[in-house]
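Student:
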Amino acid sequence: MTCSSTSDFCLDDDDSIGSLGKYPNEADVRGITVRNCTLTRTENGIRIKTWPGSPPSAASRLVFNDIVMNNVKRPITIDQNYNPHNNNKQTAPSRVKISNVHYANIRGTSTSFEAVSLVCSRRVPCEMIQMKNINLRYIGSPGNGPITSTCLNTHRLVYEGIQIPPACK
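Its first residue numbered -1, the sequence shown is counted upward by one per residue in our numbering.
(1) Using C-beta distances below 8 Å, list every residue in its chain close to Asn98, excluding the 5 sequence neighbours before and after it, in chain order.
(2) Within 10 angstroms of its Cβ, does Thr75 collect 16 or more other Cβ (buried), or is it exposed?
(3) Put Val61 into one of helix, strand or coil per three-state DSSP.
(4) What are the complete beta strand (DSSP E) segments, minimum 3 residues, inside the segment 12 to 43?
(5) Given this structure, state the Cα-to-Cα distance separating Glu158 from Ser108, to the nearest angstrom.
(6) Taking Lys149 as part of the beta strand (DSSP E), name the residues at either end of that continuous run.
(7) Cutting at 8 Å between CB atoms, please list the residues of its own chain near Ser52, excluding the five before and the five after it.
(8) Taking the DSSP output, what are the residues bridged to Lys95?
(9) How about Lys71 and Tyr101: are their beta carbons less than 8 Å apart?
(10) Using C-beta distances below 7 Å, list every residue in its chain close to Pro22, excluding the 5 sequence neighbours before and after it, in chain order.
(11) How close, in whole Å, do the beta carbons of Val122 and Thr148 come, if the pair is a contact with beta carbons under 8 Å?
(12) Exposed or buried, which one is Thr40 when buried takes at least 16 other CB atoms within 10 Å?
(13) Rounded to a whole number of angstroms, what is the C-alpha to C-alpha distance between Tyr80 and Pro50?
(14) With Tyr136 as the anchor, note down where its beta strand (DSSP E) starts and where it stops.
(15) Report back the beta-carbon spacing between Lys47 and Asp26 to the nearest angstrom; my notes put them in contact at under 8 Å.
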(Lines of atoms letter the chains of each structure in order from A and count residues from 1; the text may use other names and numbers.)
(Lines give C-alpha, C1' and ligand atoms only; values in the text may rest on other atoms or scores of the structure.)
Protein backbone atom coordinates (compact mmCIF):
# COMPACT_ATOMS: atom_id res chain seq x y z
CA MET A 1 0.00 0.00 0.00
CA THR A 2 1.21 3.48 -0.74
CA CYS A 3 -0.01 6.88 0.36
CA SER A 4 0.71 10.02 -1.56
CA SER A 5 1.48 12.17 1.46
CA THR A 6 3.09 11.52 4.82
CA SER A 7 0.43 13.68 6.44
CA ASP A 8 -2.27 11.20 5.44
CA PHE A 9 -3.29 8.44 7.80
CA CYS A 10 -2.89 4.94 6.38
CA LEU A 11 -3.18 1.55 7.99
CA ASP A 12 -0.94 -1.47 7.51
CA ASP A 13 -1.58 -4.21 4.91
CA ASP A 14 -5.09 -3.04 4.11
CA ASP A 15 -7.13 -0.03 5.16
CA SER A 16 -8.75 -1.96 7.99
CA ILE A 17 -10.45 -0.88 11.18
CA GLY A 18 -10.75 -4.26 12.75
CA SER A 19 -11.35 -6.59 15.62
CA LEU A 20 -13.73 -4.11 17.22
CA GLY A 21 -15.58 -5.61 20.15
CA LYS A 22 -13.12 -8.44 20.69
CA TYR A 23 -12.27 -7.32 24.23
CA PRO A 24 -14.35 -5.73 27.00
CA ASN A 25 -13.99 -2.00 27.71
CA GLU A 26 -12.64 -1.04 24.29
CA ALA A 27 -12.77 2.65 23.48
CA ASP A 28 -15.06 3.83 20.71
CA VAL A 29 -13.45 4.52 17.33
CA ARG A 30 -14.32 7.97 16.01
CA GLY A 31 -13.03 10.51 13.53
CA ILE A 32 -10.66 8.49 11.35
CA THR A 33 -9.81 9.62 7.81
CA VAL A 34 -7.92 7.49 5.30
CA ARG A 35 -7.16 9.15 1.96
CA ASN A 36 -4.93 9.15 -1.09
CA CYS A 37 -3.90 5.50 -0.81
CA THR A 38 -3.25 2.73 -3.30
CA LEU A 39 -3.72 -0.92 -2.33
CA THR A 40 -2.23 -3.57 -4.59
CA ARG A 41 -2.90 -7.33 -4.51
CA THR A 42 -4.35 -7.35 -0.99
CA GLU A 43 -6.91 -9.71 0.50
CA ASN A 44 -8.92 -6.78 1.90
CA GLY A 45 -9.24 -3.20 0.83
CA ILE A 46 -11.24 -0.92 3.12
CA ARG A 47 -12.58 -3.11 5.91
CA ILE A 48 -14.47 -2.46 9.13
CA LYS A 49 -14.65 -5.67 11.15
CA THR A 50 -16.43 -6.41 14.44
CA TRP A 51 -16.79 -9.56 16.51
CA PRO A 52 -20.14 -11.23 17.18
CA GLY A 53 -21.28 -11.18 20.79
CA SER A 54 -19.32 -7.99 21.42
CA PRO A 55 -19.98 -5.56 24.26
CA PRO A 56 -21.65 -2.27 23.26
CA SER A 57 -19.35 0.26 21.57
CA ALA A 58 -19.29 2.50 18.50
CA ALA A 59 -17.36 3.30 15.34
CA SER A 60 -18.36 6.55 13.66
CA ARG A 61 -17.18 9.49 11.55
CA LEU A 62 -15.02 7.26 9.36
CA VAL A 63 -13.92 8.70 6.01
CA PHE A 64 -12.28 6.78 3.15
CA ASN A 65 -11.46 9.06 0.23
CA ASP A 66 -9.48 8.80 -3.02
CA ILE A 67 -8.40 5.18 -2.69
CA VAL A 68 -7.19 3.09 -5.62
CA MET A 69 -7.65 -0.70 -5.55
CA ASN A 70 -5.35 -2.77 -7.77
CA ASN A 71 -6.35 -6.45 -7.87
CA VAL A 72 -7.93 -6.40 -4.40
CA LYS A 73 -10.07 -9.38 -3.40
CA ARG A 74 -12.57 -7.51 -1.18
CA PRO A 75 -12.36 -3.76 -1.94
CA ILE A 76 -15.08 -2.43 0.42
CA THR A 77 -16.24 -4.47 3.42
CA ILE A 78 -18.16 -4.02 6.63
CA ASP A 79 -18.20 -7.39 8.40
CA GLN A 80 -20.12 -7.49 11.66
CA ASN A 81 -20.34 -11.28 11.62
CA TYR A 82 -16.58 -11.87 11.70
CA ASN A 83 -15.83 -15.49 12.58
CA PRO A 84 -12.34 -16.48 11.43
CA HIS A 85 -12.52 -20.04 12.78
CA ASN A 86 -16.07 -20.75 11.56
CA ASN A 87 -17.16 -21.83 15.01
CA ASN A 88 -20.67 -21.32 16.27
CA LYS A 89 -19.73 -20.44 19.86
CA GLN A 90 -20.51 -16.73 19.48
CA THR A 91 -23.85 -16.49 17.75
CA ALA A 92 -25.07 -13.27 19.42
CA PRO A 93 -24.95 -10.32 17.03
CA SER A 94 -22.30 -7.64 17.31
CA ARG A 95 -23.24 -4.65 19.47
CA VAL A 96 -20.71 -2.30 17.87
CA LYS A 97 -22.75 0.57 16.38
CA ILE A 98 -21.30 1.63 13.01
CA SER A 99 -22.50 5.00 11.73
CA ASN A 100 -21.55 8.02 9.67
CA VAL A 101 -19.17 6.22 7.30
CA HIS A 102 -18.21 7.94 4.04
CA TYR A 103 -16.65 6.19 1.04
CA ALA A 104 -15.76 8.57 -1.80
CA ASN A 105 -13.79 8.23 -5.02
CA ILE A 106 -12.92 4.56 -4.57
CA ARG A 107 -11.76 3.09 -7.87
CA GLY A 108 -9.80 0.26 -9.43
CA THR A 109 -10.08 -3.50 -9.80
CA SER A 110 -11.55 -6.33 -7.76
CA THR A 111 -10.56 -10.00 -8.06
CA SER A 112 -13.91 -11.10 -6.66
CA PHE A 113 -17.30 -10.37 -8.18
CA GLU A 114 -18.64 -9.15 -4.81
CA ALA A 115 -16.71 -5.89 -4.63
CA VAL A 116 -18.85 -4.18 -1.97
CA SER A 117 -20.09 -6.12 1.06
CA LEU A 118 -21.84 -4.21 3.84
CA VAL A 119 -22.97 -6.90 6.30
CA CYS A 120 -24.08 -5.12 9.45
CA SER A 121 -25.39 -6.32 12.80
CA ARG A 122 -29.05 -7.25 13.06
CA ARG A 123 -29.03 -5.91 16.62
CA VAL A 124 -27.50 -2.48 15.84
CA PRO A 125 -27.76 -1.92 12.06
CA CYS A 126 -25.28 0.39 10.32
CA GLU A 127 -26.60 3.92 9.79
CA MET A 128 -25.68 6.83 7.55
CA ILE A 129 -23.38 5.09 5.09
CA GLN A 130 -22.48 7.25 2.08
CA MET A 131 -21.17 5.74 -1.15
CA LYS A 132 -19.99 8.46 -3.54
CA ASN A 133 -18.30 7.79 -6.88
CA ILE A 134 -17.49 4.11 -6.46
CA ASN A 135 -15.95 2.70 -9.65
CA LEU A 136 -14.65 -0.86 -9.33
CA ARG A 137 -14.13 -3.30 -12.19
CA TYR A 138 -14.15 -7.11 -11.83
CA ILE A 139 -11.07 -8.82 -13.26
CA GLY A 140 -11.53 -12.33 -11.85
CA SER A 141 -12.40 -15.54 -13.64
CA PRO A 142 -14.90 -15.19 -16.47
CA GLY A 143 -18.30 -16.71 -15.83
CA ASN A 144 -18.60 -15.71 -12.17
CA GLY A 145 -21.23 -13.15 -13.04
CA PRO A 146 -21.28 -9.37 -12.98
CA ILE A 147 -19.65 -7.32 -10.24
CA THR A 148 -22.06 -6.89 -7.30
CA SER A 149 -22.82 -5.18 -4.01
CA THR A 150 -24.32 -6.89 -0.96
CA CYS A 151 -25.99 -4.95 1.85
CA LEU A 152 -27.59 -6.40 4.98
CA ASN A 153 -28.97 -4.47 7.97
CA THR A 154 -28.09 -1.02 6.62
CA HIS A 155 -30.23 2.04 7.36
CA ARG A 156 -29.94 5.37 5.56
CA LEU A 157 -27.56 4.17 2.88
CA VAL A 158 -26.96 7.10 0.49
CA TYR A 159 -25.54 6.87 -3.02
CA GLU A 160 -24.12 9.72 -5.10
CA GLY A 161 -22.42 9.81 -8.48
CA ILE A 162 -21.01 6.73 -10.22
CA GLN A 163 -21.93 3.37 -8.67
CA ILE A 164 -20.03 0.41 -10.10
CA PRO A 165 -20.92 -2.14 -8.85
CA PRO A 166 -24.59 -1.14 -8.84
CA ALA A 167 -26.06 0.14 -5.57
CA CYS A 168 -27.84 -2.28 -3.25
CA LYS A 169 -31.59 -2.32 -3.69
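The C-beta atom is built at its ideal place from N, Cα and C for all residues, glycine as well.
Tutor: Quick look at the numbers:
(1) Counting from one through the sequence shown, the residue named residue 98 turns up at place 100. Around Asn98: Ser58, Arg59, Leu60, Glu125 and Met126.
(2) If you number the sequence shown from 1, residue 75 lands on position 77. Buried, since its Cβ has 16 or more Cβ neighbours within 10 Å.
(3) Numbered from 1 along the sequence shown, position 63 holds the residue referred to as residue 61. If DSSP states are grouped into helix, strand and coil, Val61 belongs with the strands.
(4) DSSP runs (the beta strand (DSSP E)) wholly in the segment 12 to 43: 13 to 18 and 27 to 38.
(5) Within the sequence shown, the letter at position 160 stands for residue 158. Within the sequence shown, the letter at position 110 stands for residue 108. Cα-Cα distance, rounded: 21 Å.
(6) Translated into positions along the sequence shown, residue 149 becomes position 151. Note on identity: in this sequence residue 149 is Cys, with Lys being the wrong assignment. It spans Thr146 to Leu150 - the beta strand (DSSP E) in which Cys149 sits, taken as one unbroken run.
(7) For the purposes of this step, residue 52 is taken as the residue at position 54 of the sequence shown. Exclusion of the five residues before and after Ser52 leaves Leu18, Gly19, Lys20, Ser92, Arg93 and Val94 as the residues of its chain whose Cβ lies within less than 8 Å of its Cβ.
(8) Translated into the one-based positions of the sequence shown, residue 95 becomes position 97. Answer is Ala56, bridged to Lys95.
(9) Position 73 of the sequence shown, counted from the first residue, corresponds to residue 71. Position 103 of the sequence shown, counted from the first residue, corresponds to residue 101. It is not a contact, given that the beta carbons lie outside the stated cut-off.
(10) Within the sequence shown, residue 22 is the residue found at index 24, counting from 1. Answer for Pro22: Pro53, listed in chain order.
(11) Along the sequence shown, one-based indexing puts residue 122 at 124. Along the sequence shown, one-based indexing puts residue 148 at 150. Not a contact, Cβ separation roughly 19 Å.
(12) On the sequence shown, residue 40 is found 42 positions in, with the first residue counted as 1. The residue in question, Thr40, is buried, as its Cβ has 16 or more Cβ neighbours within 10 Å.
(13) If you number the sequence shown from 1, residue 80 lands on position 82. If you number the sequence shown from 1, residue 50 lands on position 52. Pairing Tyr80 with Pro50, the inter-Cα distance amounts to about 7 Å.
(14) Along the sequence shown, read from residue 1 onward, the residue named residue 136 stands at position 138. Tyr136 -> beta strand (DSSP E) spans Cys124 to Tyr136.
(15) Walking along the sequence shown from the start, residue 47 turns up at place 49. Walking along the sequence shown from the start, residue 26 turns up at place 28. Between Asp26 and Lys47 the Cβ distance is about 15 Å, and since that is not below 8 Å, they are no contact.
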